[in-house]
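For the sequence shown, our numbering begins at 163 and goes up steadily by one.
All C-beta atoms in this analysis are idealised placements derived from N, C-alpha and C, irrespective of residue type, glycine included.
Quick notes on the structure that follows.
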Amino acid sequence: MGIALGETMDRVTALEKSQQSISKECKKMQDKCQDLENRSRRQNLRLVGITEGAEGGNMIKFLADFFPAVLGADNFSSLVVIDRAHRTLAPRLTSGERPRAILVRLHYYTDKQKILDLGKTKGRLTYKGDQVHIFPDMSPEVSRQRAAFNPVKRKLREANVTYSLFYPARLAINVDGIRHSFDSPKAAEDFYDQKIAKVD
């Protein structure tokens, strides 16, 4: 009886160790897949708010004109080279609903970064009277991680505190000339409550 029980416990322990090892390998594979997916999107942008049909019959030509029109023609000495672009694959919406986003793959990463920087500097962007937004295109998981920082980012804006959100999801807060970085939204919230809200 005692020997059988001991053998059973040994098997259970071995299974637990095996399960832990498999879980670690699975996590490593998931992280690798996430990294590969985001690398494949490295030169992509997501444009939100552009009226359905504004692109006419030639999306790439439309976007080549769109970026200088929205961000300033003097910022573009040559046409932006676009590999491909299309609306998201969601069903076409009915009248009055928000237009589908446009996904754009730029030929040069430097153009993507330039467009994002110009958009951030310019602030509110409009095209033919409609407000539009330009975002980096990221995997759903990274988008979720970044969105988790939205509540503390809103508080920082209201307190006029400068911050930056770095890839994939790291928030840097600048206070008194010192940069504080956070991978966790809770840690950033705690820092805000202790170092910023109390001072205000």
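(request) Figure out for me which residue from Arg262, Asn237, Arg208 has the closest Cα to the Cα of Arg246. (result) Checked all of Arg262, Asn237, Arg208; the closest Cα to Arg246 is Arg208.
(message) Suppose the cutoff is 7 Å on Cβ atoms and the five residues either side in sequence are ignored; what does the same chain contact list for Thr324 look like?
(response) Around Thr324: Asn336.
(message) Quick check: what's the CA-CA separation for Ala226 versus Arg306?
(response) For Ala226 and Arg306, the distance between alpha carbons rounds to 30 Å.
(request) Kindly indicate the opening and closing residues of the beta strand (DSSP E) around Gln293. (result) 292-298 is the extent of the beta strand (DSSP E) around Gln293.
(request) Decide if the segment 312-328 is in contact with the segment 276-287; the criterion is three or more beta carbon pairs, one per stretch, under 8 Å apart. (result) These segments do not touch.
(request) Compare the beta carbon distance of Phe224 and Val242 with 8 Å and say whether it is the shorter of the two. (result) Taking 8 Å as the cut-off, the beta carbon of Phe224 is found no closer than this to the beta carbon of Val242.
(message) Which of the three DSSP states is assigned to Ile277 in this structure?
(response) Here DSSP, grouped into helix, strand and coil, assigns Ile277 to helix.
(request) Return the CA-CA distance between Phe344 and Gln356, expressed in angstroms with no decimal places. (result) Roughly 14 Å separates the two Cα atoms.
(message) Do Ala334 and Phe311 have their beta-carbon atoms positioned less than 8 Å apart in this structure?
(response) In this structure, Ala334 does not lie closer than 8 Å to Phe311 by Cβ.
(request) Can you give me the start and stop residues for the beta strand (DSSP E) that Ala334 sits inside? (result) Looking at the DSSP string, the run of the beta strand (DSSP E) that includes Ala334 is 332-337.
(request) Using only alpha-carbon positions, find the residue among Gly339, Pro302, Ser346, Arg319 that is nearest to Asp197. (result) Ranking the options by Cα distance to Asp197, first place goes to Pro302.
(message) With H, G and I counted as helix, E and B as strand and the rest as coil, what does DSSP make of Asn206?
(response) Looking at Asn206 - three-state DSSP - the assignment turns out to be strand.
(message) Tell me the rounded alpha-carbon separation between Gln182 and Thr170.
(response) Cα to Cα, the separation comes out at about 18 Å.
(request) Just tell me which of Phe297, Asp352, Asn220 has its CA closest to the CA of Gln275. (result) Ranking Phe297, Asp352, Asn220 by Cα distance to Gln275 puts Phe297 first.
(request) Let me know if Met300 comes out buried or exposed under the rule of 16 or more other beta-carbons within 10 Å of its beta-carbon. (result) Around the beta-carbon of Met300, 16 or more other beta-carbon atoms lie within 10 Å, marking it buried.
(request) Would you decide whether Arg308 is buried or exposed? Buried here means 16 or more other CB atoms lie within 10 Å of its CB. (result) Looking at its Cβ environment, which holds 16 or more other Cβ atoms inside 10 Å, Arg308 is buried.
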